[in-house]
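K.L.:
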Ligand code: IFM
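Residue numbers (this note's numbering): 4 to 446.
1) Does the distance between the C-beta of residue 371 and the nearest non-hydrogen atom of the ligand IFM fall short of 7 Å?
2) Where does residue 107 fall in DSSP's three states?
3) Just checking my contact of residue 218 with residue 286 at CB under 8 Å: how many whole Å lie between their CB atoms?
4) The ligand IFM and residue 203: does the residue's C-beta get closer than 7 Å to at least one heavy atom of that ligand?
5) Between which two residues does the beta strand (DSSP E) carrying residue 140 extend?
6) Taking only heavy atoms of the ligand IFM into account, decide whether any of them is closer than 7 Å to the Cβ of residue 415.
7) For the region 374-387 against the region 47-59, do three or more pairs of beta-carbon atoms, one drawn from each stretch, fall closer than 8 Å, so that the two count as touching?
8) Distance, Cα to Cα, residue 413 vs residue 257?
9) So residue 418 and residue 430 are in contact, right, with Cβ under 8 Å, and what is the actual spacing, rounded?
10) Compute the Euclidean distance between the alpha carbons of residue 214 and residue 255, then round it to the nearest angstrom.
11) Report buried or exposed for residue 252, applying the criterion of at least 16 other Cβ atoms within 10 angstroms of its Cβ.
12) According to DSSP, which residues form a beta bridge with residue 220?
13) If the criterion is Cβ atoms closer than 8 Å, does the pair residue 113 and residue 44 meet it?
14) Along the chain, where does the alpha helix (DSSP H) that runs through residue 386 open and close?
15) Between which two residues does the alpha helix (DSSP H) containing residue 452 stretch?
16) Would you report the Cα separation of residue 86 and residue 157, rounded to the nearest angstrom?
17) Closer than 7 Å: is that where the CB of residue 180 sits relative to any heavy atom of the ligand IFM?
18) Are three or more beta carbon pairs between the region 191-201 and the region 276-285 nearer than 8 Å?
19) For residue 1, I'd like the list of residues in its chain whose CB is within less than 7 Å of its CB, leaving aside the five on either flank, ordered along the chain.
20) Taking just the CA atoms, how far does residue 428 sit from residue 366?
21) With a 10 Å radius around its C-beta and 16 neighbouring C-beta atoms as the bar for buried, classify residue 467 as buried or exposed.
22) Run through the DSSP bridge pairs and tell me what residue 396 is partnered with.
23) May I have the straight-line CA-CA distance separating residue 415 from residue 13, to the nearest angstrom?
24) For the structure I just gave you, are there three or more beta carbon pairs, one from the region 60-78 and one from the region 124-140, closer than 8 Å?
25) Just to confirm the assignment, what range does the alpha helix (DSSP H) spanning residue 255 have?
26) Indicate the three-state DSSP secondary structure (helix, strand or coil) for residue 430 in the structure shown.
27) Any heavy atom of the ligand PLP inside 7 Å of the beta-carbon of residue 355?
28) Measuring alpha carbon to alpha carbon, tell me which of 297, 311 and 296 ends up nearest residue 303.
29) Anyone know if the C-beta pair for residue 55 and residue 145 falls short of 8 Å?
30) Check whether the region 22-37 and the region 108-123 are in contact - that is, three or more C-beta pairs closer than 8 Å.
31) Quick check on the DSSP output: the alpha helix (DSSP H) that includes residue 238 runs from which residue to which?
32) Tell me where the beta strand (DSSP E) around residue 301 begins and ends.
33) Going by beta-carbon coordinates alone, are residue 301 and residue 238 separated by less than 8 Å?
34) Pairs of beta-carbons, one from the region 305-324 and one from the region 333-351, closer than 8 Å: are there three or more?
35) How would you label residue 20, buried or exposed, when you count the other beta carbons within 10 angstroms and need 16 or more for buried?
36) Mind checking residue 84: buried by the 16 CB within 10 Å criterion, or exposed?
So, in structure tokens, the structure goes:
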């Protein structure tokens, strides 16, 4: 086995997707509370008001993690739970919740890894412009300061922001996520502020947490051209700039990719692109959320990138319509190592949604998800053999949860949640992962 001795095996979740208790114990409203309560925004009118009720059931959930033999657990902190207005007064009940969660994890022998921003921006900050307001860099630093002071004695692993691409572009350019804008200029500005906020938060983490291990998490895709034509090759390069390099280059090189600066042109007029050097603070790892590859065609009638994504026939797809492409994960991990030389790579999310059957005799049969994990973990192993410094792998997700605009319609968990009774039931993929971790860490 290629996995190094200190390799971390874990599972990931995010606050708004699992916690529930959205109006309890002083939690402030977040942009997803507002968005999900707006008719037509989320499938079936679902909201995260209750979600999996992890806020009240975290003891049971940590016990399940222990049963699975997880070595690490990646969760996110709900900014409006700990600072209801986003700035200023903290909420003691919210801070206590994360204290209790962390202590429970540590007493179960599970290493906590905390993400500071996984999309639940306080609505009070949205009312002041949210990620479009340059002041958010300071607001995010202050929040990071509070959290790292409070938990930094016990939590050493920190992720600043989860998937700025999705938070900025899906939320501000394509309107499919909160806060629901459809303005490419706004998407670019939000992304810029997220990258600056990441850089600023890294400095705060370094100051407040002894022996910190910190980085950002990006959703990255392997991009293939639909054909070998020059037009498609160039289109794939633009897509790569859009999804990958627009975020990776700033955090490693302190600059935006030149080809994309040119392509976005006047859409960047409100942004001082030179200040992006502040995003390049040395990281201990780059977090990668990997689900699929993208196959891209040139499309002169397409949106401003003039590209079009195609779905190859004959390939396998998950319920999200995402192609099964484990080999592309190997290619991606090797590419990141060769082009950017990160100190380490963490797979902070990897997983698949399938329409699972209901539990039968206390078990859910989900063979496709197990296959997904088998093939993707094997792909990680090949990347390590080829020199890529991958040191952690977290499945997405521990529990079925609120899948953003799809509500409860898409299940990613290795543990099934009955959203009526909130009962947890192990899936076969969870048992497979438990046995795999036991095998790979034995001896
Ligand atoms: O559920 C999301 C998660 O919040 C961020 N990464 C992708 C997952 C699946 O869509």
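C-beta atoms are modelled at their ideal positions from N, C-alpha and C, and glycine is treated no differently. Treat the numbers as computed from the prediction; the structure is a model and nothing was measured.
P.N.:
Result, derived from the coordinates:
1) no
2) helix
3) 4 Å
4) no
5) Not the beta strand (DSSP E): residue 140 falls in the alpha helix (DSSP H), residues 139-154.
6) yes
7) no
8) 37 Å
9) 6 Å
10) 21 Å
11) buried
12) 165 and 290
13) no
14) 370-388
15) One cannot answer for residue 452 here, as it falls past the ends of the chain, which runs 4 to 446.
16) 20 Å
17) no
18) yes
19) In the structure as shown, the chain starts at 4 and stops at 446, and residue 1 therefore has no counterpart that could be examined.
20) 6 Å
21) In the structure displayed, the chain extends from 4 to 446; residue 467 sits before or after that span and is not available.
22) 12 and 350
23) 15 Å
24) no
25) 249-256
26) strand
27) Among the ligands modelled here, namely the ligand IFM, the ligand PLP does not occur.
28) 311
29) no
30) yes
31) 233-243
32) 296-301
33) yes
34) no
35) buried
36) buried
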